[in-house]
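Engineer:
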Amino acid sequence: MHRHSIFIAIFFLSLIKISFSQELAGVLRADTTLTAALSPWRITADVVVPASVTLKIEPGCTLYFHDNAGLQIQSGRLVALGEQENRITLTRRPETSDHWNGIEFYATLQENMLCYADMQYGDNLGQIIDIHRAQVVLDHCTWNSTDRTIVEVYHPAAIIQHCIFPSVDEVEVIHGEYLQDEEYLILIGNTFGAPLGYNDVIDFTDCKLPGPILQVYDNHFLGGSDDGLDLDGADAYIEGNTFMNFHKGHDGSSTSNAIATGLRNGKTSDIVVVRNLFYDNDHAVLLKEDCSMQAEHNTFVKSDSGVINFSEWPDRDVDPGKGATFSGNIFWDYGLAFRNQFSQPGERDPVISFSYGIIDASQHALGVQNSDQDPQFIGGRDFHLKPTSPAIGAGPNGLDIGAYVPAGASISGEPSDTTTQTNATLTIGGPGIVSYKFVLNDPHAQWSEERSIVVEPSIVLEDLLPDQFHTVYVKGKSVVGWQGNPDYAVSKTWFITDSPAPVHMAAASLPVAYRLYDAYPNPCNENTIIQFDLPAQQRVRIDIYDALGRSVAVLKDENMPAGTFRIKVNGQEWPTGVYYYQMIAGDFKQAKRLILVH
Numbered sequence: 003m004h005r006h007s008i009f010i011a012i013f014f015l016s017l018i019k020i021s022f023s024q025e026l027a028g029v030l031r032a033d034t035t036l037t038a039a040l041s042p043w044r045i046t047a048d049v050v051v052p053a054s055v056t057l058k059i060e061p062g063c064t065l066y067f068h069d070n071a072g073l074q075i076q077s078g079r080l081v082a083l084g085e086q087e088n089r090i091t092l093t094r095r096p097e098t099s100d101h102w103n104g105i106e107f108y109a110t111l112q113e114n115m116l117c118y119a120d121m122q123y124g125d126n127l128g129q130i131i132d133i134h135r136a137q138v139v140l141d142h143c144t145w146n147s148t149d150r151t152i153v154e155v156y157h158p159a160a161i162i163q164h165c166i167f168p169s170v171d172e173v174e175v176i177h178g179e180y181l182q183d184e185e186y187l188i189l190i191g192n193t194f195g196a197p198l199g200y201n202d203v204i205d206f207t208d209c210k211l212p213g214p215i216l217q218v219y220d221n222h223f224l225g226g227s228d229d230g231l232d233l234d235g236a237d238a239y240i241e242g243n244t245f246m247n248f249h250k251g252h253d254g255s256s257t258s259n260a261i262a263t264g265l266r267n268g269k270t271s272d273i274v275v276v277r278n279l280f281y282d283n284d285h286a287v288l289l290k291e292d293c294s295m296q297a298e299h300n301t302f303v304k305s306d307s308g309v310i311n312f313s314e315w316p317d318r319d320v321d322p323g324k325g326a327t328f329s330g331n332i333f334w335d336y337g338l339a340f341r342n343q344f345s346q347p348g349e350r351d352p353v354i355s356f357s358y359g360i361i362d363a364s365q366h367a368l369g370v371q372n373s374d375q376d377p378q379f380i381g382g383r384d385f386h387l388k389p390t391s392p393a394i395g396a397g398p399n400g401l402d403i404g405a406y407v408p409a410g411a412s413i414s415g416e417p418s419d420t421t422t423q424t425n426a427t428l429t430i431g432g433p434g435i436v437s438y439k440f441v442l443n444d445p446h447a448q449w450s451e452e453r454s455i456v457v458e459p460s461i462v463l464e465d466l467l468p469d470q471f472h473t474v475y476v477k478g479k480s481v482v483g484w485q486g487n488p489d490y491a492v493s494k495t496w497f498i499t500d501s502p503a504p505v506h507m508a509a510a511s512l513p514v515a516y517r518l519y520d521a522y523p524n525p526c527n528e529n530t531i532i533q534f535d536l537p538a539q540q541r542v543r544i545d546i547y548d549a550l551g552r553s554v555a556v557l558k559d560e561n562m563p564a565g566t567f568r569i570k571v572n573g574q575e576w577p578t579g580v581y582y583y584q585m586i587a588g589d590f591k592q593a594k595r596l597i598l599v600h
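Read left to right, the sequence shown gives residues 3 to 600 (my numbering).
(1) Check for me: the beta strand (DSSP E) holding Leu-596 runs from which residue to which?
(2) Would you list the residues sitting across from Phe-471 in a DSSP beta bridge?
(3) Going by DSSP in three states, Asn-527 sits in which element: helix, strand or coil?
(4) Return the CA-CA distance between Gly-323 and Leu-211, expressed in angstroms with no decimal places.
(5) Would you list, in sequence order, the uninterrupted beta strand (DSSP E) runs of no fewer than 3 residues that lie entirely inside the segment 368-434?
(6) What runs of the beta strand (DSSP E), each 3 residues or longer, lie entirely inside the segment 140-218?
(7) So for His-134, helix, strand or coil by DSSP?
(8) Along the chain, where does the beta strand (DSSP E) that runs through Glu-298 open and close?
(9) Thinking C-alpha only, which one of Tyr-239, Met-246, Ile-430, Trp-576 is nearest Asn-283?
(10) Please tell me whether Gly-369 and Phe-333 are closer than 8 Å, where the distance is taken between their beta carbons.
(11) Three or more C-beta pairs closer than 8 Å, one from the segment 473-485 and one from the segment 392-402: is that the case here?
(12) Check Ala-363 in the structure and name its three-state DSSP category.
(13) Taking Cβ positions only, does Ala-409 come closer than 8 Å to chain B?
(14) Considering only residues of the same chain and omitting the five flanking positions on each side of Arg-453, which have a CB-CB separation below 7 Å?
(15) Please state the DSSP three-state secondary structure of Leu-311.
(16) Taking Cβ to Cβ, would you say Gln-539 is nearer than 8 Å to Pro-563?
(17) Pick helix, strand or coil for Gly-72, following the three-state DSSP scheme.
(18) Count the other C-beta atoms from every protein chain shown that fall within 10 angstroms of the C-beta of Lys-290, then say buried if there are 16 or more, exposed otherwise.
(19) Under 8 Å Cβ to Cβ from Tyr-581, same chain only, skipping five residues before and after it: list those, please.
(20) By alpha-carbon positions, which one of Arg-517, Thr-473, Pro-408 ends up nearest to Cys-526?
(21) Gln-584 lies in the beta strand (DSSP E); which residues open and close that run?
(22) Just to confirm my understanding: we take Gly-579, look at its own chain, exclude 5 residues before and 5 after, and list those with CB closer than 7 Å. What are they?
(23) Flag this pair as yes or no: are the beta carbons of Trp-1 and Arg-94 separated by less than 8 Å?
(24) May I have the straight-line CA-CA distance separating Asp-205 from Leu-231, to the nearest angstrom?
(25) Nearest-angstrom Cα distance between Glu-185 and Asp-321?
(26) Can you tell me where the beta strand (DSSP E) with Arg-631 in it begins and where it stops?
(27) By DSSP, does Lys-477 sit in helix, in strand, or in coil?
(28) How long is the line joining the alpha carbons of Tyr-583 and Tyr-516, rounded to whole angstroms?
(29) May I have the straight-line CA-CA distance separating Asp-335 from Ser-305, to the nearest angstrom?
(30) Given that a residue counts as buried once 16 or more other Cβ atoms are within 10 Å of its Cβ, and exposed if not, what is Val-571?
(31) Quick one: give me the first and last residue of the beta strand (DSSP E) that His-285 is part of.
(32) In angstroms, rounded to a whole number, what distance separates the CA positions of Leu-463 and Ile-455?
(33) Less than 8 Å between the beta carbons of Ala-119 and Ala-136, yes or no?
(34) In the structure shown, what three-state DSSP assignment does Lys-58 receive?
(35) Whole angstroms are fine: how far does the CA of Pro-417 sit from the CA of Val-542?
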């Protein structure tokens, strides 16, 4: 096939959709699209995307890179949006041993996106992807290199999510430094293979509150011979992850830990660790050199040496950590709860608080409401709690102890389902939550001002209107921002009535017709109220059906006097979906829709 230079047209068009060539190299002068119809594309030398230029790669494209070629996004933009069943492949030429130069994002403030993409052999430089003061999203990507850092970041504005990282040898999977101003590094739902040798999975330094800090959510760390997260002079918010199989496998003097902290340039690492599972590690967390941790609702199982290590003595002589606060955690099957709990002569001991948790009885004096009972895990590697577990409902604000609790704010103290009281006091908590705002009955109405959970842990409601249902919505805030999934917590719904049991009315106020009311709330997340009127004594049957017409529950099937009645419906055990509730009373028959959202 005769090859044409892309540059014949590229200087003359402001928008190019390439349909006449399979080769690309040099500096792009206009927006450029690589089509799947002409795939594979051959990248014969570095492709540079300068400012005001966008390179698009269509789903299903394959790019073959020559030796020493790569993509350089130099203030421009890359939009490579593969699809789940139609991925983008970036690899070397077939039947060669080429190693290409990977992708560099440099000084680009537009959002670059590499999604559903597989990168192979792009490891000719020290890293495969370099993010340098650039805004980048990596989503559902994979890599096959095993001896280069996968992602290097410097002052990033990056989200890395749902990617699969390989096991690497003698390098770190992700390495980076510095967050300030509007920058961010957020890791969500990734799987990290286990590095070999004396290297961490992720090494990041230099980010401190009140500025932006590292955020790590819902990732799966499969292990390593050094540390999972190595944070020096770096604050971090770490939630919903699994850390497993971190055991020392090197000749160095340092220990192996799922999370390690340390000092850099006079800056400590102060971390928030919530709703994580730590399983089968030498240590779950290393807190040294005046670093500290706030740990809420985590499950720590099988820490061979110690769950928390406050120094590396006797392996290394380093200053001890400042301390840690624990609330709602499970420590189970471990060597020591705290290694270096008491420091060497001349050094101060770390300050430890431990409450509402499960831990050896020798540590119960560190706080209140602690237990050493068996938490009763499901079994195997499933660390959810059995229904008979003593940890259920025994944590802060009535939550379970351990990792498997809802994210965001929690609410307790609601009145009973039906009450005559027009006042209510609700207590607010939740893993990692430091402040909150609330609204009554309508989440689309005006919310309250932000409140500190330390200064105002309770919502006091007064003079609530009778003969109405009431629900409180609460949005929690952690040190990194407002909760987002779910958007807010929802209290139980209660009804305020003028009389404690409005099941029978005076003749003058009896209903004059049969009526089935709309359920409230609807949609509901668990509880709702169904109200109906009977103008005369009658046998009443009320059923719940799913969307396919299958019977789910019989709420009422009995003779009842005339009056207005309310039935509380609890859909906790029903899956999210559309349901119908039907009332039959004599010749009256009516059904209404109910939406359940957990």
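Virtual Cβ for every residue (Gly too), placed ideally from N, Cα, C.
Structural biologist: This is what the structure gives:
(1) 590-598
(2) Phe-497
(3) coil
(4) 18 Å
(5) 379-381, 384-387, 412-414, 426-431
(6) 151-156, 159-163, 176-179, 186-190, 204-209
(7) strand
(8) 294-298
(9) Met-246
(10) no
(11) no
(12) helix
(13) You won't find chain B in this structure, because it holds only one protein chain.
(14) Ser-437, Tyr-438, Lys-439
(15) In the sequence as presented, Leu is not what sits at residue 311; that position holds Asn. Strand.
(16) yes
(17) coil
(18) buried
(19) Ile-546, Tyr-547, Asp-548, Ala-549, Val-554, Gly-573, Arg-595, Leu-596, Ile-597, Leu-598
(20) Thr-473
(21) 579-587
(22) Asp-548, Ala-549, Leu-598
(23) As shown, the chain starts at 3 and ends at 600. That puts residue 1 outside it, with no answer to give.
(24) 6 Å
(25) 31 Å
(26) The question about residue 631 has no answer, for the chain in this structure spans 3 to 600.
(27) strand
(28) 15 Å
(29) 7 Å
(30) buried
(31) 279-288
(32) 17 Å
(33) no
(34) strand
(35) 28 Å
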